[in-house]
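S.K.: Heads up: the protein sequence lines correspond to chains A and B, in order.
Start counting the first sequence at 1; every next residue gets the next number (the working numbering).
Start counting the second sequence at 1001; every next residue gets the next number (the working numbering).
Quick reminder that beta carbons are idealized off the backbone N, C-alpha and C, glycines included.
Values in this document were obtained by computation on a predicted structure and should not be read as measured data.
Number of protein chains: 2
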Amino acid sequence: MEFVIYSFVQLLLAGFENTRNPYIVEGVYSFAAINMGKVIDTLKSPYEKLLAKTKEMVILGTATGIIHWDMETKMPPKGVGLRSQQLALLSQMSHRLSTDPEIGDLLSKIEKHTDYESLSALQKRNVYLLRKHYDEQTKLPEKLVKETAKQEAIAIDVWKKAKGAKDFSMFKPELEKMFKLRKQAADILMEVKGTASPYDALIDMYEPKMDARTITKIFAELRDGLVLVMEKCRRGSKRLDTSFMNRKVPVEMQEKISKELAEFIGYDIKSPQAGGRIDETEHPFTGGYYDDVRITTHYYENNLASSLFSILHEGGHAIYEQNFKESWMYQPVGSSTSLGFHESQSRFVENMVGRSREFWNYFFPKLQVLTGGIFSNVALDDFVRAINQVKPSKIRVEADEVTYSLHIIIRFEIEQELLAERITVKDLPELWNQKYKDYLGVTIENDSEGVMQDIHWASGAFGYFPTYALGNVYGGQILEAMERELPNWRDKITEGNFQTLKKWLVENVHQQGDLYDPPVLIKRITGEELNVNPFLKYLNKKYSWVYGF
Amino acid sequence: MEFVIYSFVQLLLAGFENTRNPYIVEGVYSFAAINMGKVIDTLKSPYEKLLAKTKEMVILGTATGIIHWDMETKMPPKGVGLRSQQLALLSQMSHRLSTDPEIGDLLSKIEKHTDYESLSALQKRNVYLLRKHYDEQTKLPEKLVKETAKQEAIAIDVWKKAKGAKDFSMFKPELEKMFKLRKQAADILMEVKGTASPYDALIDMYEPKMDARTITKIFAELRDGLVLVMEKCRRGSKRLDTSFMNRKVPVEMQEKISKELAEFIGYDIKSPQAGGRIDETEHPFTGGYYDDVRITTHYYENNLASSLFSILHEGGHAIYEQNFKESWMYQPVGSSTSLGFHESQSRFVENMVGRSREFWNYFFPKLQVLTGGIFSNVALDDFVRAINQVKPSKIRVEADEVTYSLHIIIRFEIEQELLAERITVKDLPELWNQKYKDYLGVTIENDSEGVMQDIHWASGAFGYFPTYALGNVYGGQILEAMERELPNWRDKITEGNFQTLKKWLVENVHQQGDLYDPPVLIKRITGEELNVNPFLKYLNKKYSWVYGF
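(1) So what's B:Glu1401 in DSSP terms, helix, strand or just coil?
(2) Buried or exposed: B:Gly1027, going by 16 or more other Cβ atoms within 10 Å of its Cβ?
(3) So A:Gly79 and B:Asp1292 are supposed to be a Cβ contact under 8 Å. How far apart are they, rounded?
(4) Considering only the beta carbon of each residue, do B:Asp987 and B:Pro1429 sit closer than 7 Å?
(5) Nearest to B:Pro1141 by CA position, among B:Lys1537, B:Glu1072, B:Ile1188 and B:Lys1391, is which residue?
(6) Is there at least one Cβ from chain B nearer than 7 Å to A:Asp517's Cβ?
(7) So, for B:Ile1423: in the same chain, excluding its five sequence neighbours on each side, which residues have a beta-carbon less than 7 Å away from its beta-carbon?
(8) Got a sec? Which residues, its chain only, sit under 7 Å from B:Lys1172 by beta carbon, not counting five neighbours each side?
(9) Whose C-alpha, out of A:Leu119, A:Glu111, A:Glu401 and A:Ala63, is nearest the C-alpha of B:Met1093?
(10) Beta carbon of A:Arg277, beta carbon of B:Pro1076: below 7 Å?
(11) Considering only residues of the same chain and omitting the five flanking positions on each side of B:Leu1130, which have a CB-CB separation below 8 Å?
(12) Under 7 Å between C-beta atoms, does B:Ile1067 make it to chain A?
(13) For A:Arg294, which three-state DSSP category applies?
(14) Nearest to A:Leu222 by alpha carbon, out of A:Asp491, A:Glu485 and A:Tyr474?
(15) Between which residues of its own chain and A:Phe535 is the CB-CB distance below 6 Å, once the five residues before and five after are set aside?
(16) Given a limit of 9 Å on CB to CB distance, which residues of the stretch 265-291 of chain A reach chain B?
(17) In chain order, what are the residue ranges of uninterrupted alpha helix (DSSP H) at least 4 long that sit wholly in the stretch 466-523 of chain A?
(18) Of all the CB atoms in chain A, is at least one closer than 7 Å to the CB of B:Asp1224?
(19) Are the CB atoms of B:Gly1061 and B:Gly1287 within a distance shorter than 7 Å?
(20) Using Cβ-Cβ distances below 9 Å, what residues of the stretch 1189-1208 of chain B are close to chain A?
(21) Quick check: A:Ser338 and A:Pro518, are their CB atoms within less than 7 Å of each other?
(22) With a threshold of 7 Å between beta-carbons, can B:Pro1101 be considered close to chain A, or not?
(23) In this structure, how does DSSP classify A:Asp381 when only helix, strand and coil are distinguished?
(24) Anyone know if the C-beta pair for B:Asp1400 and B:Val1384 falls short of 7 Å?
(25) If you measure from the beta carbon of B:Gly1027 to each beta carbon in chain A, is any gap under 7 Å?
(26) Hey, is A:Gln86's beta-carbon within less than 7 Å of any beta-carbon in chain B?
(27) Is there a C-beta anywhere in chain A that falls below 7 Å from the one on B:Pro1173?
(28) Shortest alpha-carbon distance to A:Ile525 belongs to which of A:Phe324, A:Phe309, A:Asp514 and A:Ala481?
(29) Under a three-way DSSP split, which group does A:Ile319 fall into?
(30) Along chain A, in chain order, which residues have C-beta atoms closer than 7 Å to that of B:Lys1437?
(31) In chain B, which residues lie with their C-beta within 9 Å of the C-beta of A:Lys139?
(32) Cβ atoms of B:Val1378 and B:Phe1244: under 7 Å apart, would you say?
(33) Got a sec: is the Cβ-Cβ distance from B:Gly1315 to anything in chain A below 7 Å?
(34) Using a C-beta cutoff of 7 Å, does B:Lys1078 count as contacting chain A?
(35) Starting from the Cα of A:Ile178, find the closest Cα among A:Leu479, A:Leu419 and A:Ile478 and give me that residue.
(36) Can you look up A:Val25 in the DSSP assignment and give me helix, strand or coil?
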């Protein structure tokens, strides 16, 4: 019954409290040896100094991640005001670390030095990534960064209210201001990055070296292919019965099932070496780094599928984060190459494995046991068809595997017009509704279920959306490459062996970390340029069975 | 199914992720407005600037607290290496913040300025506390601080091994080095603080303005009084039956009981405004600040008392932390005055209330219901006697209310001899064992159950122990004062009303924050100087009933 105090006058005791855990002691030791002694200045090369600074940035980022996770999962409700202060301070400290002029000096020194060529490819990549990050963080005028942060707060607040009131006219002036600020940033970043357009400069922040021209081509083919699949499903000979999907499954049962799913994909949450855990949040997410990567899900009694597939989706993200090369920890390369690649891994596990007949051939009998008699009168094939239902909808986050990308394509097409200033913010609702009619055949009744459904634009994240659909496209190509090398992967899954497949993913995708930009990485993994054929082929094959076409 | 990434290249997205929660947005906003804009430099007075800097220190400390809490309660085991790095970095950042030369400049400016006298008493106290903290953080040579941190790591590591091997000779050289380093620090701090001895300088860090001379006098009286009570209990007419205390109570039952106890003391863990929560750890602790203060406990099936009283103990700490004046948040005064006062509040709730007949008169019938039939054949008085059993033991953390302080007095007497260099580290085991024989009548078989039982000395925390027993002494005086003003408090507790008592504690103790040093505060609350009579009177009265003397 000792007492740990973190309040003001006891800050000085931190050293004492740290010492409860032997591993922490080790940390304190390295802190003492490396940081306080300024040994950092006696390291041999500028490259080593740069990596030492990177390590600090990464560690601070991961600490902030824990604070975020706690806010979403464990924080007592009253703590929210204090938490906002903590996150603001950590964000400020992170900004200071990553814009430290010494980083710029070190980068210049390394880049211009005659020894640059003697650096390994890995070292050069680290330098490249740090340069990119440093420029993105420092080239925007402080006034613009400040105004954007302020406008972000205002726009999101107003967005929430406007969404509640179903009134776009409330949101419009704030979105206009936000767009103007992001356009200013995009103009500057275009110069810095040398991209072909301001929009490309924004896209590059989320999906490096990807650009609107490439995406336009890819998405046009994707759209046509998806509309065709959708049409075929509609006309297919099979009528799906999904009624049993709403059967009540108690939360405790769903928790047990989640643990089994985690175990299946090798996401360890219970051994003494476990590096993961599962908690509950309204919106499932994954957070963490290497040895501590956590996922969340939600449990709805009458919607078992929701927890099943969010566990598999987030689990796919998690095993990607857990399997970067160990020796790259704290280095820029020890990270995912892009949001699109991250999404490819989550959707691979969720859809390509998790919604396959083979997986359920193995897992459905288990599910039947774990749920008592709830699904005893449901046939395996009916179940697999039900979880693969295609149903055009208005809300992106509720969309199925086929129509999901259409939601994204609509957003991309609109963003492109907006950034090119061929339309303005006032035109958004009409254009949105028209495209939803054209591509998905649904009628948007009000802007809350239309253009105001996502937080992204309010927060200034233009250029973010395309990464979601690119994830599907990458996934298709990765699947095809894997099928060449592991032709019997479906048999393995049927036997309950995910390990073989995972090993392939780890070696070919995860362990590449951020060594290559997405266009290079996809070619290295698959031998082909980015293209939609494998994804469309996969969908056609799967859904011809599901819907009988 | 959005994805939150905290890894390297996505650090720049932090702003986006922050925006999920409207309150965080608020934080980002204030960050944008206050910090990035360097508005801090345009604040009017040096005092305001100083408080702005303090706020950062406090917020960083509370964020570190969450990271600690997570490590003890939720962290996947594999995450421990990364965690040590995070804590080391945060500790380093905290050190940088609190030793920033600008704080020294601001302090000097304020202290020497002719306007100093125009500051309010509260403002002067803030300046005083910051000066004290700043001096403690900056006056020690960096080399000494580094060596101490390093030695702390080593000494604790060796202490663990030596304790396992029951071999003091292994630990001795490391403890000697640690003592030497702390003695050097104490010599310097004695000059800085102007204390009468090096030991006093260390004590003052944990229990401000307390000194060995005062403690010697107090502890001598306390020791004699306690030995007497112990003796009377031994000779008392009542033979206690404690056999039923080992009855198995399932963990789920204990969890329910814990929630009821939390509710009883007004530690809110379930309302939408809750500022607390209960989790499980091997060693119970309290952590947090104002609106987010969390406690932990442990559940042993065959030891219900352990969870009962750790909930009440930690709950006592927690309600103290939750009830500082709201307007003092982020200021030095918005904090406890000392470790001893903190302990007084936890022991007040645990022992003076939680082990009273009145409390169990109210709660025992509830406990009987909550535990099914487990305690249905136990009489109330037998139960109350059993939870108040006095039994001299070798291990401090297992000691009862009467003998606990004797464990502390032994440590204090030894520390005093050591710091005065009348004995050396090699003399510790013999002296320890002799005092345990003399004061508690127990025979120490080996040094692991003797001088090596606590982590404190290994970590360099000399001067910390006395605060535990001072907490009991303060508690006795506070109880006496409260009884004068709330003569019917025992009736209230019998009725299940803790609120009246809590209100008194909040007004008279909690809301005083760190406005006064302990010797002043105890006099303001009770009208009397520090003295052991009330505590001894309270013990004699209670135990005369328990043991029939």
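M.R.: Put simply:
(1) coil
(2) Unreliable placement is indicated for B:Gly1027, whose pLDDT of 37 sits below 50; the coordinate value is still reported in the next sentence. Buried: at least 16 other Cβ atoms inside 10 Å.
(3) Between A:Gly79 and B:Asp1292 the beta-carbon gap is near 3 Å, inside 8 Å, which marks them as a contact.
(4) In the structure as shown, chain B starts at 1001 and stops at 1549, and residue 987 of chain B therefore has no counterpart that could be examined.
(5) B:Ile1188
(6) Closer than 7 Å: no.
(7) Glu1417 and Leu1431
(8) Val1425 and Lys1426
(9) A:Ala63
(10) Closer than 7 Å, so yes.
(11) Leu1050, Thr1054, Ile1103, Leu1107 and Pro1332
(12) yes
(13) strand
(14) Of the candidates A:Asp491, A:Glu485 and A:Tyr474, the one whose C-alpha sits nearest the C-alpha of A:Leu222 is A:Tyr474.
(15) Closer than 6 Å at the Cβ level, and outside the excluded window around A:Phe535, lie Asn472, Val473 and Gly476.
(16) Cβ proximity to chain B below 9 Å picks out Asp268, Ile269, Ser271, Pro272, Gln273, Ala274, Gly275, Gly276, Arg277, Asp279, His283, Pro284, Phe285, Thr286, Gly287, Gly288, Tyr289, Tyr290 and Asp291 from the stretch 265-291 of chain A.
(17) Taking only runs of at least 4 residues, the alpha helix (DSSP H) segments lying wholly in the stretch 466-523 of chain A are 466-485, 489-494 and 499-508.
(18) no
(19) Not a contact, by the Cβ cut-off of 7 Å.
(20) Correct list: Met1205, Tyr1206 and Pro1208.
(21) Their beta carbons are under 7 Å apart, which means A:Ser338 touches A:Pro518 by this criterion.
(22) no
(23) helix
(24) no
(25) A caution first: B:Gly1027 carries a pLDDT of 37, below 50, which makes its placement in the model unreliable, though a value can still be read off. Closer than 7 Å: yes.
(26) yes
(27) no
(28) A:Ala481
(29) Looking at A:Ile319 - three-state DSSP - the assignment turns out to be helix.
(30) Under the 7 Å cutoff, chain A gives no residues; its nearest Cβ is about 26 Å from B:Lys1437.
(31) The contacting residues do not exist; A:Lys139 stays about 12 Å from chain B at best.
(32) yes
(33) It does not; no Cβ of chain A falls within 7 Å.
(34) yes
(35) The sequence given here places Met at residue 178 of chain A; Ile does not occur at that position. Residue A:Leu419 is the option with its Cα nearest to A:Met178.
(36) Confidence in A:Val25 is poor, its pLDDT being 37 and thus under 50, which makes the residue's placement unreliable; the coordinate value appears in the next sentence. In this structure, A:Val25 counts as helix in the three-state DSSP scheme.
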